[in-house]
Structures are given as C-alpha cells and as structure tokens.
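Contents: one structure, followed by commentary.
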Amino acid sequence: MPLCQRRSVKVTGAVAALCAAFFAAGLQLGSSGSAGGKSPAGRALRWLSALQPGKPAAAATAPDLKSVETLWEVFDSVKKHYVDESLDQAKLTDGAIRGLLAELGDRHTRYMNPAEYREFQLDNAGEFDGIGAKLDVERDEKTQEEHLVIKQPTEGKPAHKAGLRAGDQVLKIDGKSTKGMSVDEAVNLIRGPRGTEVVLTIARKGKEAPFDVSLVRELIEIEAVTGKLLEGGIGHVWIKQFNTKTEEALDTRLDELKKQGMKALIIDVRQDPGGLLDAAVGVASRFLQGNKTVVITRGRDGEETLTAAPEKYAKLNVPLCVLTDAYSASASEILAGALQDHHVAKVIGTKTYGKASVQVVITLKNQGALALTTAKYLTPKERDISKTGIVPDVEVEITAADREKSRDSQLERASEEMKKAVASLAKSGKRPGT
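In terms of my numbering, the sequence shown opens at residue 2 and continues consecutively.
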C-alpha cells in the first residue's frame, strides 16, 4: 500500500486544456506557449508546481513537447491505419498512461482507472465485499519474475477460513492468469457482491503442484487496531492499517489495557502494509515525548521534518517493543524506525519491507487517480531504509514448524523480552505505569 499524504489534488482546467491542445492541434504549442503565460503549457506547469501546498514554487521552464508530439503521431497513426478498426480508444489511452508510468521504474507510482480508484477509496472507508486478504506483487530474487502473493489473510474471513497463508502465490483468478497483473487489477477481479464465489489457483512453498481454492465473498470490515492483555500483564496491540480511524482506535485499545493493569506493551505491525503518513506520525506521537522527530521527507521542494505532537503523548511509562516482519511496510516502518532511533522501543522479529517513499493521490477528471511518488523518507537518524528495511534489534523467524503448529514464536519472544524489562524495573524499585 502506498504511503499516502492525506491530500487530494484535483486536476482542473489547466491540465484539461493542455491535453485538449495536444490531441486537437497535434501538439503545436512548442513554439508559441511561454511557460509563465496564459498558454495551456504554462498553466499546467503552474499546476504541477502547486502539488505541494505551502512550498515555494520553483521557477517554471518551457516544456519540451517533442516527445509528446511523437506519442500523438503514434496514437493518431494507430487510430487511422491499424488493421482492426474496432479499437477501444479508452483502452489505448489507459495502456499509454500505464506504459509511461512503468518507465519510471517505481512500482508505487501508478494510475488507477475509475473502477480501481473506487476500490482504493473503499479500502480507506473500512469495509467492502471480498475474501479478506491483502495482496502484493513480489519479485523473485533469483528469476526476477514478479508474482501476485497473499500478504495477510484476515482472521475469521473467507481467505483465512479456507487456509490461505501469507506468501501464497495467486496464479489465477477464476481461471485468468495473474502474470503481469497489478494489485489493483487483481483486487477488482477478487472483489464482488457478497454471497458470490471466486476461485483462486494457488502455488505454495512445499507443495509440488498448484491447487484451486473456492471462496464465497462476504462483508469485510477493516478493524484498524486490535488489543488484548497477555500473561504477566503484557499488553499487545496489533495495528493492521494506518488509516483515518487508526489513532482513535489505538487510544481506545490503550485505555482498555491501562484499566486492566498493563505493565508493558508490544506494538505489533506485522503484515501491516502502511497507509497514511499523518496517521503514522500521529501513532508515533503516542510514544514519543516532546517534539521529537518522527520522519524526514525529501522531495523536489526540499526537506521537511515531521515531529511528534506533544498533546498526543499517551504517558504510558511502560517498557515498549515493536514487532515486525517482511510485510511491515511504509507507515509501519516509519513508526518502528522512529521508536528504534529514539531508543524508546526494541524492534523484534524480522527485517521489514523497505518502502521509503511517499505518494500523493491526484484525482483526475475521468474520476480515476494518479498515485505519484513525490518524496523519499528517512528515519530520525537519517537512515535510508529503501534497500535494508528496518533491521530488528532481536531477530526472530517464524519457521515452517511454527506455522504447522500455529505457534507465534515472534510474539512469544516479544512477551519474554517485555517480562524481563518489567522485572528489571522492579529490581530498580520502579513500578511500570508510574
């Protein structure tokens, strides 16, 4: 999931005028439009410089339209002369946009057509009809081939009840190959009216042959944060997604755990693909006292340091740790990195995903959207985690044997570490929570 800034930039008349001029006039703007004037090109450049409100606009330069002119020539030639006259112009345009973005080599920058954007918005709304499984595209380090995989089946939902696991490869959806398919395209095929069936063809490590799994879609409600008190007074909160409801849900869980006499806290962000940047900073503020740095973003417009909000500090005064795995990404990594850098919490588990970029979602006139990478981020100590992920202080793998026995060895180790921390406090005469 992209780490999105909570702002929606609407494409208005400036870009519409520019596109109309390109395709109606054969891109004849190169010699006459000044960048800062009233030409469509000039208006578009001013729009592009305004994507980050509050930042000084860089000096606009005249656009080079030669390459776009070539695109128009190819598009026009295909439309006029291709052997099959029954061309779908919308599909051609869609393909051209996706091809353009693919050249960036950034899998987090992507175009969403209107249907895909509606699904994206449903995710943030917190409920939809589906099977209850998060998906991602992963690259095989040996073959460099990309595969659609299950990242996290939601407990008690169709995918989980059918036995699907994190890491399972989805080869087909209702018989359609997923090769080259984006996550958005796969989600559109898997979701559908509740009560209807979808068949996934799965490949799993340790299984010689792929197998089919039939699932009946049902209402999926996303619970942003769950919590419970473990043995020994160890609190456990699992942050499943960083959305608009996460901070409030976390406060509710923390209040419940404090009333139950919590002595230490495990913050679990395993299999959490991230979400909103604002939510990541807000959650980190619960555990960082004062105006400590949470994350540093760097983009075209320079550097910005985002700090904790003192009024959101939870005043827990108990030992903390963060539980991570290879699917902890984006906002999850911001939280883990900030607490690790400030020595507020140990990180336990396995190395995180390593997604260190921020996207802005730009709403388009066709009701689709562009998720565009506008910045990279660094941890408070200016670590770039894009290639390394967050490396845990205490590394714990969940083995195949653990999975067969449904044993959560990572949570067990985190609980042991917190019990030791509580015992250490007791020896020093301090009492957790005071």
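Heads up, the beta-carbon is just placed ideally off N, CA and C, and yes, glycines get one too.
If you're wondering where the values come from, they're calculated on a predicted model, not measured in any experiment.
Item to complete: For my contact list, Ile268 and Gly338 are in at a C-beta cut-off of 8 Å; report their separation, rounded to the angstrom.
Response: Ile268 to Gly338, Cβ: 13 Å. No contact.
Item to complete: Round the Cβ separation of Tyr328 and Ser286 to the nearest angstrom and send it over; I've been treating them as touching at under 8 Å.
Response: With a Cβ gap of about 24 Å, Tyr328 and Ser286 do not count as contacting.
Worksheet item: DSSP on Gln145, reduced to helix/strand/coil?
Response: coil
Practice prompt. Confirm, please, whether the CB-CB distance from Val282 to Val296 is below 8 Å.
Written response: yes
Discussion item. Rounded to the nearest angstrom, what separates Asn114 and Glu248 at their Cα positions?
Written reply: 30 Å
Worksheet item: Can Ile235 and Ser416 be called in contact, C-beta distance under 8 Å?
Response: yes
Worksheet item: When burial is assigned at 16 or more other CB atoms within 10 Å of the CB, is Leu105 buried or exposed?
Response: exposed
Item to complete: Taking Gly157 as the reference, give the member of Leu216, Glu142, Ile203 with the closest Cα.
Response: Leu216
Item to complete: Specify the secondary structure class of Val270 as computed by DSSP and reduced to three states.
Response: coil
Worksheet item: Looking at the structure shown, is Thr353 part of a helix, part of a strand, or coil, going by DSSP?
Response: coil
Worksheet entry | Alpha-carbon spacing of Leu251 relative to Val226, whole angstroms | 6 Å
Worksheet entry | Whole-Å CB distance - Gln368 paired with Tyr112, under 8 Å assumed | That pair is no contact at about 13 Å.
Item to complete: Pull up the distance between the alpha-carbon of Thr389 and that of Asp85, whole angstroms please.
Response: 49 Å
Worksheet entry | 8 Å Cβ cutoff met for Gln360 and Thr94 | no
Discussion item. Tell me the DSSP secondary structure of Ala42 in three-state form.
Written reply: Any answer about Ala42 is weak, because its pLDDT of 37 lies below 50 and its placement is not dependable; what the coordinates show is given next. Three-state result, Ala42: helix.
Practice prompt. Just the C-alpha distance for Leu231 and Asp130, rounded to the nearest angstrom, thanks.
Written response: 32 Å
Worksheet item: What are the start and end residues of each continuous alpha helix (DSSP H) run of 4 or more residues lying completely inside the stretch 276–325, in chain order?
Response: 278–286
Worksheet item: Per DSSP, what kind of secondary structure is Arg404 in: helix, strand or coil?
Response: helix
Discussion item. Am I right that Glu219 and Arg195 are in contact with their C-beta atoms under 8 Å? What's the rounded C-beta distance?
Written reply: 5 Å
Practice prompt. Could you tell me which residues DSSP pairs with Thr94 in its beta bridges?
Written response: According to DSSP, which records beta bridges pairwise, Thr94 is partnered with nothing at all.
Discussion item. Buried or exposed, going by whether 16 or more other CB atoms sit within 10 Å of the CB of Thr448?
Written reply: A query on residue 448 cannot be resolved here, the shown segment of the chain reaching from 2 to 435 and no further.
Practice prompt. Look up Met182 in the DSSP assignment and say whether it is helix, strand or coil.
Written response: coil
Worksheet item: Thinking C-alpha only, which one of Lys352, Thr353, Ala346, Arg301 is nearest Lys377?
Response: Arg301
Worksheet entry | Range covered by the beta strand (DSSP E) that runs through Ser78 | Here Ser78 belongs to no beta strand (DSSP E); instead the alpha helix (DSSP H) covers 67–82.
Worksheet item: Does the beta-carbon of Asp89 have 16 or more other beta-carbons within 10 angstroms, so that it is buried, or is it exposed?
Response: exposed
Worksheet entry | Length of the line joining the Cα atoms of Cys5 and Ile363 | 11 Å
Fill in: Closest residue to Ile399 among Ile391, Glu413, Val392 (Cα-Cα distance)
Glu413
Practice prompt. Assign Glu334 to one of two classes, buried (16 or more other C-beta atoms within 10 Å of its C-beta) or exposed (fewer than that).
Written response: buried
Discussion item. Going by DSSP in three states, Lys152 sits in which element: helix, strand or coil?
Written reply: strand
Worksheet item: What residues in its chain sit with their C-beta under 6 Å from that of Lys356, if we drop five residues either side in the sequence?
Response: Ala330, Ser331
Fill in: For Lys229, the residue or residues it bridges with in DSSP
His237
Worksheet item: Mind checking whether Ile174 and Ala187 have CB atoms under 8 Å apart?
Response: yes
Worksheet item: Rounded C-beta distance between Ala265 and Val319? I'm assuming under 8 Å.
Response: 5 Å
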